[in-house]
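Undergrad: Before anything else, here's the structure in question.
Residue numbers (our numbering): 3 to 153.
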């Protein structure tokens, strides 16, 4: 079953629960009987690895974001992203909240908070032109007091 799912393009983690009398499958598995805490630990490990993968698609507004491909798709529409645009979206998506300008500059560019630059604003402006229906009235990549967030 797991092989068929993977062959069809299913890319989420699969953890099989097996009895002690069944030979272990080639896929990731945990043998019964098991403690619930052990199952939770294994599931969390798999989900963490999967979430950290650049192959994991993420929903951003109406788009499906594929960080590894540096691509946003909405139906047949494809939006190619630069490395920094991809990094900005990945960081904002992971944060799930408003991220301070200084934090983005440090995390995406490695800049010291004391550095004066408009590089972030320039990248945000270009990114909005690519993804927003009306860049002047952002609905996906929103500016809030002191930072940015994804809606």
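Quick reminder that beta carbons are idealized off the backbone N, C-alpha and C, glycines included.
Taking only the alpha-carbon atoms, compute the straight-line gap between residue 152 and residue 92 and give it to the nearest angstrom.
TA: Between residue 152 and residue 92, the C-alpha separation is close to 10 Å.
Undergrad: With contact counted as at least three CB pairs below 8 Å, one residue from each stretch, are the segment 64-72 and the segment 80-97 in contact?
TA: Yes, the segment 64-72 is in contact with the segment 80-97.
Undergrad: Leaving out the 5 sequence neighbours to the left and right, which residues in its chain are closer than 7 Å to residue 110 when beta-carbon positions are compared?
TA: Excluding sequence neighbours, residue 110 sits near 86, 89, 90, 93.
Undergrad: Would you list the one or two residues that DSSP bridges to residue 75?
TA: Bridge partners of residue 75: 66, 80.
Undergrad: In whole angstroms, give me the CA-to-CA distance for residue 9 and residue 20.
TA: Roughly 21 Å separates the two Cα atoms.
Undergrad: Just list the residues that DSSP pairs residue 31 with in beta bridges.
TA: DSSP lists 18 as partners of residue 31.
Undergrad: Out of 108, 105, 122, 132, which has the shortest C-alpha to C-alpha gap to residue 80?
TA: Minimum Cα distance to residue 80 is reached at 132.
Undergrad: One question on the structure: do residue 100 and residue 146 come within less than 8 Å of each other, judged by their Cβ atoms?
TA: Yes.
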